[in-house]
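As structure tokens, the structure follows; a few thoughts come after it.
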Amino acid sequence: MLSKLFQAFRAQNPQPDLPDPDAELALGALLVRVAQSDRDYQYEEISLIDRILARQFQHSPIEAAKIRATCEKLQAAAPETDTFASLIRTTTGIEMRLAALDALWEVVLADGRQQENELRIVEEARLALGMTRAQNEAARDRAQARLDQG
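Per our numbering, the very first residue in the sequence shown carries number 796; after that it's consecutive.
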């Protein structure tokens, strides 16, 4: 079903160099979307996304950077936030969905400011991931603790 959505989208906006998204690319695209939502895509956010992708999917720093670059293109050409989050929900278990929510909060909190656009994307993703408000608050707290540890 999600593949058909992406195919329909690509038919309108062809991007031949983009792979079909999986949970990893969907998460990366969501992270990029959050980081770019305030129109101030900083090196710190880019570096954090690379570290999150490396940590979540056991990549080297170079592999993670390449995946993030693909995610940047995918995010720019892709459908709504809930489509990415739904892909994660339907292809992964609860642990990965919680980790995805944690990662989104890490990016939101990275610059010390919570922008309305960032919060809207996290809320859309939370709903599409099938997560509760309590799980969302716990994810935010875990992300803040991780950032506080450095």
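All C-beta atoms, glycine included, are put in the ideal place defined by N, C-alpha and C.
For residue 855, the number of other beta carbons within 10 angstroms of its own is below 16, and it is reported as exposed.
Here residue 887 is buried: its Cβ has 16 or more other Cβ atoms, across all protein chains shown, within 10 Å. For residue 913, the number of other beta carbons within 10 angstroms of its own is at least 16, and it is reported as buried. Straight-line spacing of the CA atoms in residue 849 and residue 858 works out to 8 Å.
Apart from sequence neighbours up to five positions away, the residues of its chain that approach residue 938 with a beta-carbon distance below 7 Å are 897, 900, 901 and 904, ordered along the chain. When the five nearest sequence neighbours on each side are left out, the beta carbons in the same chain lying within less than 6 Å of the beta carbon of residue 934 are those of 896, 897 and 900, in order along the chain. Inclusion of residue 844 and residue 863 in the CB contact set at 8 Å is warranted, their separation being smaller than that value. Our two residues, residue 876 and residue 825, have alpha carbons roughly 7 Å apart in a direct line. For secondary structure counted as the beta strand (DSSP E) over 3 or more consecutive residues, the segment 871-895 holds no complete run.
About 11 Å separates the beta carbon of residue 894 from that of residue 924, a gap too long to meet the 8 Å contact definition. Taken in chain order, the complete alpha helix (DSSP H) segments of 4 residues or longer contained in the segment 893-940 are 911-924.
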